[in-house]
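These protein sequence lines map, in sequence, to chains E and C.
According to our numbering, the stretch in the first sequence is residues 2 to 140, in order.
According to our numbering, the stretch in the second sequence is residues 12 to 776, in order.
The C-beta atom is built at its ideal place from N, Cα and C for all residues, glycine as well.
Structure first, then comments.
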Amino acid sequence: MSITSLEYNAETDALEIVVKFFTDDLEAALESSTNEKLFLATDKEAAETDSLFAVYLSDHLQFKQKNKLLKVIFLGKEAKRDYTYAYLEIDNFKENEATQIENTLLISIFEDQVNQVNYKNGEHSKSFSMHKDDRVADF
Amino acid sequence: MKNIFSLFLALISFSLIAQENTNQNKFRQLKEELATPNVYRTAAGTPGHEYYQQQADYVIELELDDKKQRIYGEETITYHNNSPNHLPYLWVQLDQNVRAKDSDTKKTSTSRIGDSISFDNLKRMMNEFDGGFKLDYVKGVDGNDLNYTVNKTMMRIDLDQALQPKDSFSFKIKWWYNINNRLEIGGRSGYEYFEDEDNYLYTIAQFYPRMAVYNDVEGWQNKQFLGRGEFTLPFGDYEVSITVPADHTVAATGVLQNPDEALSEEQINRLEAAKTADQPVFITTQKEAEKIEKKKVNEKKTWTFHAENVRDFGFASSRKFIWDAIGVPFGDRVVMAMSYYPKEGNPLWEQYSTKAVAHTLRSYSNTTFDYPYPVAISVNAASIGMEYPMICFNYGRPEEDGTYTERLKYGVISVIIHEVGHNFFPMIVNSDERQWTWMDEGLNTFCQYLAEKEWDVDYPSRRGPAYKIVDYMKGDKSNITPIMTNSESIFQFGNNAYGKPATALNILRETIMGRELFDFAFKEYAQTWKFKHPTPADFFRLMEDASGTDLDWFWRGWFYSTDHVDIAIKNVEWMQISSNNPDVEKPLKKNAAEASESFQGDLLNEKNRTNTVVEKDPTTKDFYNGYDPYKVNSLDRDSYKKYYDGLNEEEKKQLQQKKNFYEVSFEAIGGLVMPIILSFEFEDGSTQKEYIPAEIWRFNQSTVSKVFIFDKEVKQINLDPNLETADTDRSNNYWPEQNLPSRFTLFKEAQKEKENEMQKAKRAK
Numbered sequence: 002m003s004i005t006s007l008e009y010n011a012e013t014d015a016l017e018i019v020v021k022f023f024t025d026d027l028e029a030a031l032e033s034s035t036n037e038k039l040f041l042a043t044d045k046e047a048a049e050t051d052s053l054f055a056v057y058l059s060d061h062l063q064f065k066q067k068n069k070l071l072k073v074i075f076l077g078k079e080a081k082r083d084y085t086y087a088y089l090e091i092d093n094f095k096e097n098e099a100t101q102i103e104n105t106l107l108i109s110i111f112e113d114q115v116n117q118v119n120y121k122n123g124e125h126s127k128s129f130s131m132h133k134d135d136r137v138a139d140f
Numbered sequence: 012m013k014n015i016f017s018l019f020l021a022l023i024s025f026s027l028i029a030q031e032n033t034n035q036n037k038f039r040q041l042k043e044e045l046a047t048p049n050v051y052r053t054a055a056g057t058p059g060h061e062y063y064q065q066q067a068d069y070v071i072e073l074e075l076d077d078k079k080q081r082i083y084g085e086e087t088i089t090y091h092n093n094s095p096n097h098l099p100y101l102w103v104q105l106d107q108n109v110r111a112k113d114s115d116t117k118k119t120s121t122s123r124i125g126d127s128i129s130f131d132n133l134k135r136m137m138n139e140f141d142g143g144f145k146l147d148y149v150k151g152v153d154g155n156d157l158n159y160t161v162n163k164t165m166m167r168i169d170l171d172q173a174l175q176p177k178d179s180f181s182f183k184i185k186w187w188y189n190i191n192n193r194l195e196i197g198g199r200s201g202y203e204y205f206e207d208e209d210n211y212l213y214t215i216a217q218f219y220p221r222m223a224v225y226n227d228v229e230g231w232q233n234k235q236f237l238g239r240g241e242f243t244l245p246f247g248d249y250e251v252s253i254t255v256p257a258d259h260t261v262a263a264t265g266v267l268q269n270p271d272e273a274l275s276e277e278q279i280n281r282l283e284a285a286k287t288a289d290q291p292v293f294i295t296t297q298k299e300a301e302k303i304e305k306k307k308v309n310e311k312k313t314w315t316f317h318a319e320n321v322r323d324f325g326f327a328s329s330r331k332f333i334w335d336a337i338g339v340p341f342g343d344r345v346v347m348a349m350s351y352y353p354k355e356g357n358p359l360w361e362q363y364s365t366k367a368v369a370h371t372l373r374s375y376s377n378t379t380f381d382y383p384y385p386v387a388i389s390v391n392a393a394s395i396g397m398e399y400p401m402i403c404f405n406y407g408r409p410e411e412d413g414t415y416t417e418r419l420k421y422g423v424i425s426v427i428i429h430e431v432g433h434n435f436f437p438m439i440v441n442s443d444e445r446q447w448t449w450m451d452e453g454l455n456t457f458c459q460y461l462a463e464k465e466w467d468v469d470y471p472s473r474r475g476p477a478y479k480i481v482d483y484m485k486g487d488k489s490n491i492t493p494i495m496t497n498s499e500s501i502f503q504f505g506n507n508a509y510g511k512p513a514t515a516l517n518i519l520r521e522t523i524m525g526r527e528l529f530d531f532a533f534k535e536y537a538q539t540w541k542f543k544h545p546t547p548a549d550f551f552r553l554m555e556d557a558s559g560t561d562l563d564w565f566w567r568g569w570f571y572s573t574d575h576v577d578i579a580i581k582n583v584e585w586m587q588i589s590s591n592n593p594d595v596e597k598p599l600k601k602n603a604a605e606a607s608e609s610f611q612g613d614l615l616n617e618k619n620r621t622n623t624v625v626e627k628d629p630t631t632k633d634f635y636n637g638y639d640p641y642k643v644n645s646l647d648r649d650s651y652k653k654y655y656d657g658l659n660e661e662e663k664k665q666l667q668q669k670k671n672f673y674e675v676s677f678e679a680i681g682g683l684v685m686p687i688i689l690s691f692e693f694e695d696g697s698t699q700k701e702y703i704p705a706e707i708w709r710f711n712q713s714t715v716s717k718v719f720i721f722d723k724e725v726k727q728i729n730l731d732p733n734l735e736t737a738d739t740d741r742s743n744n745y746w747p748e749q750n751l752p753s754r755f756t757l758f759k760e761a762q763k764e765k766e767n768e769m770q771k772a773k774r775a776k
């Protein structure tokens, strides 16, 4: 299970994205792409973890408007208890445009992976879940 | 197209109307959902005077073939019909058939490859493993073949004559099967292969044809095993002899009957010493185990175990096992808490496993009943946690250099507490796992949380506290099912069947019933149903019956619906009592009128005052132009005096109070009704907590209001200040309204403050 929270910030005109993973799940996914141990969220964490993570996110969490891929900026990550949070941002986000999200986080690792997405724009909010048979959604 | 659409709309509005005319009150009783009480199960949630349960006794002879990774078995089952019914056939579970080539599990699992698939998933999808029971024979004790029909993971045995009430029937089955590689194709039981040293570690269960449960609520529980809904089995006595390579150590349900043959004299002495030791004692040390695992012997050895009143049997076997043990006294009994693990589990396992087992026995016994079995075993097995009576298989392998993460440490302690805890639910309080996962997983996860907090107050528990379930409960409802959903159809298994019920029980204990009422009722449930088969209705009813609390609204909301908690402070009105004294009230009213906000047009017109008709021509003025509505006259005073004199002493006192009245209105946006817990902060900085039971919502389940009276003025109100109710949106829990920073804002702010290393170096110059 991963949870992606999307919130449109009218002040900065940006879509703020927070993705919450179980650290163990994330580690399994990142390690399967390098075949090396990463020791996530420990003192021994591998130096390349952040760049691997950023690449992983850009491959598995994509946003489109008018069929064009939006540029997602990876701001960083934070570990807390069992979880790792990723912070991402899309600048100059057109809030009135239909947006398509393609979410394939962890599904190649866990067959029954469920990716929850919560979108919030002021009072308006929408929540949906995505999995291997349901990778694309509009919000 | 248009027509179809409008028809659809009409249907919706019809169903809405139909709903409005039936009782939708969230506090209506659960009687329509729960089965009618009867002679088998009472309205108090206890077994009725004609409650019965079946019994199945087993004598099993097994051989584990370490060369081919096979199990060969022969068993005699004696089935006791304690029901008042004639049974023309018996149902036997063949769980191994879930791994047969043509199993429904494979057929009904959805699959897709997409642009990438992991090697593990590919292996699982492509596996050609020849699993499932191969039956040699099914016959009566007289040696004659019995008629039987295999229906996938179930087998029906047809009897020549129906089994009479109070009668028993014995029969024999011979079988074998290929053991699965757990790490390649999954499974709760199977083997792990250590390639570099060519050794196997077997954790074996569901290895024999087992009697299905027959009872008053399901008839035969012969719902097919698809892999997720676990097991439900009748109690019985087991005599199991297991033949393995002579250099293997076997851990199993029950008590070893032939220690003189199976163990060395040294090991027997160490076991005896462990009974009264204050730290775990090694029965097989790491050094000894490492010596044994380096070579293989051809001889065989048989280990015989006996277990009474258990609902299943499991065992583990390997030449890699380190073994340690400690005695845990219960009155004049000593229960042996033991662990079996390969060197790959150390140093984590020798430090924590057996201690976690012992702690679980003590903690759960305190919450429920004294652990009744003679042993409790934790076996190290890669990447799973799975429970059987007296024995469980748990993950946890440190790095090769012996280090491990904090997550792994607490993961290991948690999984051991959880799986050993399953001895209580469902091994002893024997609920039907194939029907209701939450009845054992939810109750067990709740007890696990208590045990973790008794291990360490700061224990990083994953599940239990109300606020931890918020993300799940506010999620997309199309991906959530009520807790009362059959095990095979649950979405988000962990959250649904473990996290949410455990949290619900925690909320009952901490917030709704209180610890004293809850703990008594929960213990009463466990003790009433130990060594019996409870249903959800028995649990719901007994919790209410033993505590004198109507919880129907809570079960309905938390267990039968996917509603969530989102209670909001909608509005706050602040009022004071009018003294009715014109000399006090009129100046106040005047001040208030002058202080009130002015209309922009009036402000601009003010400049034009001298040019108005009434100013320019004084003859246009009369009494009303000079009238001051706030001026106190003698008539006002007379009428006040009359009013005041008419009051009695108590009324006069009330009138003089300088109290502040706050009328606060609340809205239950999420659908679930919950107690309203408020913290009032006053102007002088002091605080006061108010607790209003959920029943405040019983007449109106969407909005309620309540008046609070204080001497002091309220500065701030916080709804659910201690995060007790799993409120999913805290931004509407404040008065005055507060803007809570999001996790994103907090992260960005923290990033801003951070200097990078170059900046730091520059500053250091």
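Distance check between Lys-305(C) and each of Asp-289(C), Gly-559(C), Pro-353(C), Lys-312(C) places Pro-353(C) closest, using alpha-carbon atoms only. Looking at the backbone, the Cα of Ala-606(C) and that of Lys-600(C) are separated by about 10 Å. For Ser-128(E), a Cβ of chain C is located within less than 9 Å of the residue's own Cβ. From the beta-carbon of Asp-83(E), the residues of chain C found nearer than 9 Å are Arg-418, Tyr-421, Gly-422, Pro-471, Arg-473.
Unbroken alpha helix (DSSP H) runs of no fewer than 4 residues, entirely contained in the stretch 530-577 of chain C, are found at 547-558, following chain order. If only uninterrupted beta strand (DSSP E) runs of at least 3 residues are considered, those enclosed by the stretch 294-367 of chain C are 311-321, 326-329, 333-341, 344-352. Listed in chain order, the beta strand (DSSP E) runs fully inside the stretch 207-256 of chain C are 210-215, 247-256, counting runs of at least 3 residues. Residue contact check for Phe-40(E) against chain C: a CB pair falls below 9 Å. For Met-397(C), the enclosing beta strand (DSSP E) covers residues 396-399.
Neighbours of Thr-24(E) across chain C, judged by C-beta separation under 8 Å: Arg-418. In the displayed model, Glu-626(C) falls within a helix according to three-state DSSP.
Under DSSP, the beta-bridge partners assigned to Gly-151(C) are Phe-182(C). Here the alpha carbon of Phe-180(C) sits roughly 7 Å from the alpha carbon of Leu-174(C). Ranking Val-624(C), Gly-486(C), Leu-683(C) by CA distance to the CA of Ala-515(C) puts Leu-683(C) first. Taking 9 Å as the cut-off, the Cβ atoms of Arg-52(C) and Gln-232(C) do not count as close. Within chain E, the residues placing a beta-carbon under 8 Å from that of Gln-762(C) are Leu-76, Gly-77, ordered along the chain. In the three-state DSSP reduction, Trp-102(C) falls in the strand class (E or B).
His-61(E) sits in a helix when the DSSP states are folded into three classes.
Below the 8 Å Cβ cutoff, chain E contributes Met-2, Val-115 as neighbours of Gln-503(C), in chain order.
Using a 10 angstroms sphere on the CB of Ile-110(E), the tally of other CB atoms reaches 16 or more, which defines it as buried. 9 Å or more divides the Cβ of Trp-449(C) from the Cβ of Ala-532(C). Sixteen is the threshold: since fewer than 16 other Cβ atoms of the shown chains lie within 10 Å of the Cβ of Glu-617(C), the residue is exposed. By the neighbour-count criterion, in which a residue is buried when 16 or more other Cβ atoms sit within 10 angstroms of its Cβ, Tyr-654(C) is exposed. At a cut-off of 9 Å between C-beta atoms, Glu-410(C) counts as an interface residue with respect to chain E. Here Lys-485(C) is buried: its Cβ has 16 or more other Cβ atoms, across all protein chains shown, within 10 Å. Contact between Tyr-651(C) and Asn-591(C) holds, with the beta-carbon distance rounding to 6 Å and staying under 8 Å.
Val-266(C) is bridged by DSSP to His-317(C). In the displayed model, Lys-118(C) falls within a helix according to three-state DSSP. Non-local beta-carbon contacts of Tyr-375(C) in its own chain, meaning distances under 6 Å to residues more than five positions away in sequence, involve Gly-432, Phe-435, Cys-458 in chain order. Along the stretch 5-19 of chain E, going in chain order, the ones with a CB nearer than 9 Å to a CB of chain C are Ser-6, Glu-8, Asn-10, Glu-17, Ile-18, Val-19. Distances from the CA of Ser-94(C) to each of Gly-230(C), Ile-523(C), Met-222(C) were compared; the closest alpha carbon is that of Gly-230(C). In this structure, Glu-465(C) sits near His-370(C), with a CB-CB distance shorter than 9 Å.
Legend: CB atoms of the stretch 557-580 of chain C lying less than 9 Å from CB atoms of chain E are not found in any residue. Trp-314(C) is positioned such that its CB atom lies closer than 9 Å to that of Leu-267(C). For Val-118(E), the nearest CB of chain C lies under 9 Å from its own CB, placing it at the interface with that chain.
By the CB criterion at 9 Å, Phe-551(C) and Phe-570(C) fall inside the cutoff.
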